[in-house]
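Trainee: This is the structure, below, for whatever I ask next.
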Amino acid sequence: MVDQARAARLAQRIKVLVAEALRKRVKDERAEAITLTEVRVTNDLQHATVYYTVLGDAAASEAAREVLAANHGALRHEVGRQLTIRLVPTLEFVADEVPESAAHLEEVLAQARERDAELARLRENATFAGDADPYKKAGEDGDAGPDGNEDTAR
Numbered sequence: 825m826v827d828q829a830r831a832a833r834l835a836q837r838i839k840v841l842v843a844e845a846l847r848k849r850v851k852d853e854r855a856e857a858i859t860l861t862e863v864r865v866t867n868d869l870q871h872a873t874v875y876y877t878v879l880g881d882a883a884a885s886e887a888a889r890e891v892l893a894a895n896h897g898a899l900r901h902e903v904g905r906q907l908t909i910r911l912v913p914t915l916e917f918v919a920d921e922v923p924e925s926a927a928h929l930e931e932v933l934a935q936a937r938e939r940d941a942e943l944a945r946l947r948e949n950a951t952f953a954g955d956a957d958p959y960k961k962a963g964e965d966g967d968a969g970p971d972g973n974e975d976t977a978r
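So this is what it looks like as structure tokens:
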């Protein structure tokens, strides 16, 4: 079993190495929009999943995917050259969907705040349809409890 702390350190080191290799070794201007968000390494240190985001629209995201696919071997070579481990992990690049999910969640929360504000505005001038307190109290209307006392009414 591999030490989890070692796997985390290796993942962080791979993230730094891939980011540097994208900046220095990849001679494609489309790579400038790529931001690495996280790297996860399996327990056996054989596979690394690199999560990335892209600044821009769907076309920029597709271009970034192409850049990463075209330079996959060069990036793995650079990682292997800089790491001091026996086996170089394979790299898998996955587009990170967290920013899009967070933006959607923020949008839903904004809609909920608008609805709450509208309900608060409607509630300001609202009145009760019946009595303000519809529940019966002990001693009202001569209701007595089972023993004949009014204060023990249910």
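The working numbering numbers the first residue of the sequence shown as 825 and each following residue consecutively. Note that CB positions come from ideal geometry on N, CA and C, so glycine has one too.
#1: Return the Cβ separation of arginine 900 and leucine 915 in integer angstroms, given the expectation that the two are a contact with Cβ distance under 8 Å.
#2: Indicate the three-state DSSP secondary structure (helix, strand or coil) for valine 918 in the structure shown.
#3: Tell me leucine 860's beta-bridge partners as DSSP assigns them.
#4: For lysine 848, report the span of its alpha helix (DSSP H) as first-last.
#5: Taking a contact to mean a Cβ-Cβ separation below 8 Å, would you say tyrosine 876 touches threonine 866 in this structure?
#6: Alpha carbons only, please: which of Ala831, Leu946, Gln828 and Val840 is nearest the one belonging to glutamine 906?
#7: Below 8 Å between beta carbons: does that hold for leucine 869 and isoleucine 909?
#8: Can you round the beta-carbon distance between arginine 864 and alanine 835 to whole angstroms, since I take them to be within the 8 Å contact cut?
#9: Quick check on valine 891: does DSSP put it in helix, strand or coil?
#10: Just verifying my parser: in three-state terms, what is the DSSP assignment at alanine 977?
#11: By DSSP, does valine 865 sit in helix, in strand, or in coil?
#12: So if DSSP puts histidine 871 in a beta bridge, which residue, or which two residues, is it bridged to?
#13: Assuming alanine 772 and alanine 857 are in contact, meaning their beta carbons sit under 8 Å apart, how far apart are those beta carbons, in whole angstroms?
#14: Aspartate 940 by DSSP, collapsed to three states: which one?
Mentor: Let me spell this out:
#1: Confirmed, about 5 Å.
#2: Note: valine 918 maps to strand in three-state DSSP.
#3: Leucine 860 pairs with Tyr876.
#4: Annotation for lysine 848: the continuous alpha helix (DSSP H) segment containing it runs 828-848.
#5: Between tyrosine 876 and threonine 866, the C-beta spacing is not below 8 Å.
#6: The shortest C-alpha separation from glutamine 906 is found at Val840.
#7: Contact annotation: leucine 869 and isoleucine 909 have beta-carbon atoms nearer than 8 Å.
#8: In this structure arginine 864 touches alanine 835 by the C-beta definition: roughly 6 Å separates them, less than 8 Å.
#9: Residue state for valine 891 is assigned as helix, using DSSP reduced to three classes.
#10: Confidence is the limiting factor: at alanine 977 the pLDDT is only 48, short of 50, which leaves the residue's position unreliable, though a coordinate-based value still follows. In this structure, alanine 977 counts as coil in the three-state DSSP scheme.
#11: Under the three-state reduction of DSSP output, valine 865 falls in the strand class.
#12: The bridge partners DSSP lists for histidine 871 are Thr914.
#13: Residue coverage of the chain in this structure runs from 825 to 978, which leaves residue 772 outside it and unanswerable.
#14: Reduced to three states, the DSSP call for aspartate 940 is helix.
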